[in-house]
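In order, the protein sequences belong to chains B and A. Counted the way numbering that gives the first Met the number 0 counts, the first sequence spans residues 0 to 465. Counted the way numbering that gives the first Met the number 0 counts, the second sequence spans residues 0 to 465. A quick write-up on the structure given underneath.
Number of protein chains: 2
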Amino acid sequence: MISDILFHPRSIAVVGASDAYFNGVTQVFLHTLQQFKYKGEIYPVNPKFETVAGLKCYPSIRAIPGDVDFVISIVPAAATPGLLDDCIAKGVKTLHLYTAGYAETDEKERGELQDRLTARARDSGVRILGPNCMGLYIPAEGITYSPAFPMESGDVSFISQSGSYSLIVIRGAGARGVRFNKVVSYGNASDIDECDLLEYLASDAETRIIGAYIEGTRDGRRLHRILKQASSKKPVIVVKKGGTQAGSRGAISHTGALAGDDKIWDSILKQTGAIRVEDAEEMIDLMTTFSFFTRPRSRRVVVLGNGGGPSVRAADDCERAELVLPEAPQKLRQEMKKYSSVAGSMLRNPFDIGGYHFDWAPVIDLLARWEDADMMIWQIAPDIEPFDKDIFHKFCLDQRAKWLKDFKKVSKPAAVCVHASESDVAYEVLKITRTLCVELGIAFYPSVYRAAKAIDRLIGYYERIG
Amino acid sequence: MISDILFHPRSIAVVGASDAYFNGVTQVFLHTLQQFKYKGEIYPVNPKFETVAGLKCYPSIRAIPGDVDFVISIVPAAATPGLLDDCIAKGVKTLHLYTAGYAETDEKERGELQDRLTARARDSGVRILGPNCMGLYIPAEGITYSPAFPMESGDVSFISQSGSYSLIVIRGAGARGVRFNKVVSYGNASDIDECDLLEYLASDAETRIIGAYIEGTRDGRRLHRILKQASSKKPVIVVKKGGTQAGSRGAISHTGALAGDDKIWDSILKQTGAIRVEDAEEMIDLMTTFSFFTRPRSRRVVVLGNGGGPSVRAADDCERAELVLPEAPQKLRQEMKKYSSVAGSMLRNPFDIGGYHFDWAPVIDLLARWEDADMMIWQIAPDIEPFDKDIFHKFCLDQRAKWLKDFKKVSKPAAVCVHASESDVAYEVLKITRTLCVELGIAFYPSVYRAAKAIDRLIGYYERIG
Chain B
0 MISDILFHPR
10 SIAVVGASDA
20 YFNGVTQVFL
30 HTLQQFKYKG
40 EIYPVNPKFE
50 TVAGLKCYPS
60 IRAIPGDVDF
70 VISIVPAAAT
80 PGLLDDCIAK
90 GVKTLHLYTA
100 GYAETDEKER
110 GELQDRLTAR
120 ARDSGVRILG
130 PNCMGLYIPA
140 EGITYSPAFP
150 MESGDVSFIS
160 QSGSYSLIVI
170 RGAGARGVRF
180 NKVVSYGNAS
190 DIDECDLLEY
200 LASDAETRII
210 GAYIEGTRDG
220 RRLHRILKQA
230 SSKKPVIVVK
240 KGGTQAGSRG
250 AISHTGALAG
260 DDKIWDSILK
270 QTGAIRVEDA
280 EEMIDLMTTF
290 SFFTRPRSRR
300 VVVLGNGGGP
310 SVRAADDCER
320 AELVLPEAPQ
330 KLRQEMKKYS
340 SVAGSMLRNP
350 FDIGGYHFDW
360 APVIDLLARW
370 EDADMMIWQI
380 APDIEPFDKD
390 IFHKFCLDQR
400 AKWLKDFKKV
410 SKPAAVCVHA
420 SESDVAYEVL
430 KITRTLCVEL
440 GIAFYPSVYR
450 AAKAIDRLIG
460 YYERIG
Chain A
0 MISDILFHPR
10 SIAVVGASDA
20 YFNGVTQVFL
30 HTLQQFKYKG
40 EIYPVNPKFE
50 TVAGLKCYPS
60 IRAIPGDVDF
70 VISIVPAAAT
80 PGLLDDCIAK
90 GVKTLHLYTA
100 GYAETDEKER
110 GELQDRLTAR
120 ARDSGVRILG
130 PNCMGLYIPA
140 EGITYSPAFP
150 MESGDVSFIS
160 QSGSYSLIVI
170 RGAGARGVRF
180 NKVVSYGNAS
190 DIDECDLLEY
200 LASDAETRII
210 GAYIEGTRDG
220 RRLHRILKQA
230 SSKKPVIVVK
240 KGGTQAGSRG
250 AISHTGALAG
260 DDKIWDSILK
270 QTGAIRVEDA
280 EEMIDLMTTF
290 SFFTRPRSRR
300 VVVLGNGGGP
310 SVRAADDCER
320 AELVLPEAPQ
330 KLRQEMKKYS
340 SVAGSMLRNP
350 FDIGGYHFDW
360 APVIDLLARW
370 EDADMMIWQI
380 APDIEPFDKD
390 IFHKFCLDQR
400 AKWLKDFKKV
410 SKPAAVCVHA
420 SESDVAYEVL
430 KITRTLCVEL
440 GIAFYPSVYR
450 AAKAIDRLIG
460 YYERIG
């Protein structure tokens, strides 16, 4: 069992911190604590400096006057046995080994070093996080490994065997308005592993949604039991990587993980009720969905937006993801004709409406009241306007902000999708619309297909748990 | 058979052109001809104006002094029977009906209007393009319907039943460096249809690669024959939409197309040798691949880049797309250790290397000479760097430009992938890197999976044609 102290350390030492010009690792692990206003004590440790980042620097862990709960090591692997001795002597609770160069290399003695360290730590009561990982991002505590992460706390927790994967997911989900409670990048998992972390998060009252990126496990049976427990309490979204031959070779040389047969993983994950997703994008989509999209009463959806091709595509995309577009009855079509010209519109669901002088407010209102549909998707394909400048000016600023407020008032679950494809002007529209949606708490997606697939997974989850 | 005059009109009249403030349609169809320096005569036609856009404006087609090869109609459907009479009298070759409001609506008399117009045009020899479409983009002629399209000509031709779809594809592929020869947005296809256009492009010497977005066809047998012919001469990449129930309803109300059973379409397309792709993104990927990636000698690929998770993912993504990553032999790994530290690197293929002070030049050179791999993929995942500013400054500007030049010299087919996920800073990196790749003529993709899948399709195409 993991103790609460892992996530709530009262003091942090950064061993190997340096005031040398552009020491990236010190910036990542020490400056960020200052930037995020970590409230506990911060102790730089390095015999070469008197001060680091304006803080008194200590020659060793033992030389620190107060208690040290958490130690971040950014020194080379070879120096870590001595450091562990110091941590044991000092009564340190957790030793986070950022540095790589252990079991994930193809060098035997480095694997043995990891084993020795882990065994010694287990005997002594010091827990090891890593090695070869980014450690903790806990915004409520002011702990982070990237200054680019949101400073506000939320109710999504995420564990990741890959540090870079966690950076991708937190940046991406963060841009959609998802906020995190506890994030742990755990690397080689020599001591603290995915099972320990998931077990803790399953009963963590602050965590409503769990995400996990896993490359391998040492104890499939325990993982199965814990995933099953956790999934019965809250959604657990899992990315499992390293399933192909080259991917598995990659996983071994990345975190020393034995990736295992992908089919076995798939059936295990299904049995536990965990939601297996393909990759970072789908992880971000599901975090967004569980954060901002409530369970719809049925799979019936109304799709509004503009562009003929994009509307046909949106309809296909929804039905491919097992959502259903009921056909608009004659009465609704007649009412829609009040707002939309017959020429150049599609009024049967999908609805292709709009144009330069179009007012979305009454249409959103009308479609929100249509009883055959239990959720709404608004699809925006900025690339379809011939003019670059006008896309930006006419659709994005004042007016869209107003209509999104109308959209937010819709009492059914509702999502906004800006399909940016790849043009720069479309990305601008995506960015502005996404920001507006985040401010309003609207579920936002970069394509209808990704929205529909995530909504399908959310519905499936609720159907399973009953 | 379509005559060459469709694509090379010596004069164009725009009926309904207006000098009213912000007349978007006039901007799309008349101002663009001036912006793209169309060399033929341009005749605005509108009884309400003396001049439009600085050009003498005529009250009718008949009043124009010279010959008129091509007429763009932006007047409402009800006015088009009279316009067609004028076109016949004047000996116009092609009448492009931009305006919608015909068979795609659910109003019977509008469908009948389209039928009458088409029959009368057929009798007279005037060809109708549309109705309900954007018409022609032929950069070499100075004809376009968006000022945002590239002005340079290329060897990719594209036909699209949806105008908005064509805008998405041309913008997206254009941003990757793909250049177009002839693009036709053909809408309801009442006269000129996908068969006519594909037949022309199959034997068009200026067209090396064909793309098509199709919602439905009137003559499946003819389409089958023509696709087979065309595919035997050059790659034909097809998106077929409207396959689901709601999608098919969408297609009918979009272009009046009968979408048909998706499985039948799938088997027909397979039989013809056409390359069926899922959507706009894959269309853009394949246009990019056939434009900038030559046929590799085998499916064996070396993947280099940085980030542990992204490298594992890249390996999985390549093998999911049936590419093969040969394992790096001990000798190569030893050589790599000269350039890359053991700690924090993956040296077995995938190669996870790099960092702040890393020099890619010797590594690119070493891996390019590795004989077990017949192509190279360089994966860049900008989101994995903790710092926003540094991603931008350190990785993107001077240095990457230099390394991409080294990468361009690699004698094997080679691709660059920037996986932007969704953060704004990552999109910046994507944009800069993409621009550099376009300048150098390097195949660029927004993810390894999309690159691998497109390369798999390219290899499959060449295997089929032998």
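Each residue gets a CB set at the ideal place from its N, CA and C atoms; glycine is no exception.
Which chain B residues sit within Cβ distance under 8 Å of residue i?
{"i": "Phe291 (chain A)", "result": "Here the premise fails: no neighbours, minimum Cβ distance about 15 Å."}
{"i": "Tyr185 (chain A)", "result": "Simply none; closest approach about 12 Å."}
So that I know if they touch, is there some Cβ in chain B lying closer than 7 Å to that of residue i?
{"i": "Lys107 (chain A)", "result": "no"}
{"i": "Arg449 (chain A)", "result": "no"}
Are the C-beta of residue i and some C-beta of chain A separated by less than 7 Å?
{"i": "Ala273 (chain B)", "result": "no"}
{"i": "Val341 (chain B)", "result": "yes"}
{"i": "Glu318 (chain B)", "result": "yes"}
{"i": "Ala78 (chain B)", "result": "no"}
{"i": "Ser163 (chain B)", "result": "yes"}
{"i": "Arg170 (chain B)", "result": "yes"}
{"i": "Ala174 (chain B)", "result": "yes"}
Buried or exposed: residue i, going by 16 or more other Cβ atoms within 10 Å of its Cβ?
{"i": "Ile458 (chain B)", "result": "buried"}
{"i": "Met375 (chain B)", "result": "buried"}
{"i": "Tyr461 (chain A)", "result": "exposed"}
{"i": "Met345 (chain B)", "result": "buried"}
{"i": "Arg399 (chain B)", "result": "buried"}
{"i": "Ile464 (chain B)", "result": "exposed"}
{"i": "Lys336 (chain A)", "result": "exposed"}
{"i": "Met282 (chain B)", "result": "buried"}
{"i": "Met133 (chain B)", "result": "buried"}
Is residue i helix, strand or coil by DSSP?
{"i": "Glu427 (chain B)", "result": "helix"}
{"i": "Ile441 (chain A)", "result": "coil"}
{"i": "Glu49 (chain B)", "result": "coil"}
{"i": "Asp195 (chain B)", "result": "helix"}
{"i": "Ala273 (chain A)", "result": "coil"}
{"i": "Pro149 (chain A)", "result": "coil"}
{"i": "Tyr212 (chain B)", "result": "strand"}
{"i": "Met0 (chain A)", "result": "coil"}
{"i": "Tyr460 (chain B)", "result": "helix"}
{"i": "Cys56 (chain B)", "result": "coil"}
{"i": "Ile87 (chain B)", "result": "helix"}
{"i": "Lys181 (chain B)", "result": "strand"}
{"i": "Met133 (chain B)", "result": "coil"}
{"i": "Leu324 (chain B)", "result": "coil"}
{"i": "Gly304 (chain B)", "result": "strand"}
{"i": "Tyr42 (chain A)", "result": "strand"}
{"i": "Arg294 (chain A)", "result": "coil"}
{"i": "Asp351 (chain A)", "result": "strand"}
Taking Cβ-Cβ distances shorter than 7 Å, what residues in chain A pair up with residue i?
{"i": "Ile167 (chain B)", "result": "Ala380, Asp382, Ile383, Ser420"}
{"i": "Glu214 (chain B)", "result": "Val311"}
Give a yes or no on whether 7 Å exceeds the smallest Cβ distance from residue i to chain E.
{"i": "Pro295 (chain A)", "result": "Included in the structure are the protein chains B and A, with no chain E among them."}
Taking C-beta pairs closer than 9 Å, name the residues in chain B that residue i reaches, listed in chain order.
{"i": "Phe386 (chain A)", "result": "Gly23, Gln26, Val27, Ser145, Pro146, Ala147"}
Counting only Cβ pairs nearer than 7 Å, list the residues of chain B close to residue i.
{"i": "Ala279 (chain A)", "result": "Ser420"}
Give the interface partners of residue i over in chain A, defined as CB-CB distance under 8 Å, in chain order.
{"i": "Ile283 (chain B)", "result": "Ser420, Glu421"}
**Request:** May I ask you to list, following chain order, the residues of the segment 421-447 of chain B that have a beta carbon less than 8 Å from some beta carbon of chain A?
**Result:** Glu421, Ser422, Asp423, Val424, Ala425, Tyr426, Lys430, Pro445
**Asked** Of all the residues that make up the segment 240-253 of chain A, which are near chain B by a beta-carbon distance shorter than 9 Å?
**Response** Lys240, Gly241, Gly242, Thr243, Gln244, Ala245, Gly246, Ser247, Arg248, Gly249, Ala250, Ile251, Ser252, His253
**Interface residues of the segment 345-369 of chain A facing chain B [CB-CB below 8 Å]** = Met345, Leu346, Arg347, Asn348, Pro349, Asp351, Tyr355
**Prompt:** Any residues in the segment 297-326 of chain B with a beta carbon nearer than 7 Å to a beta carbon of chain A? Which ones, in chain order?
**Reply:** Gly306, Gly307, Gly308, Pro309, Ser310, Val311, Arg312, Ala314, Asp315, Cys317, Glu318, Arg319, Leu324, Glu326
**chain A contacts from the segment 87-104 of chain B (Cβ-Cβ distance under 7 Å)** = Thr98, Ala99, Gly100, Thr104
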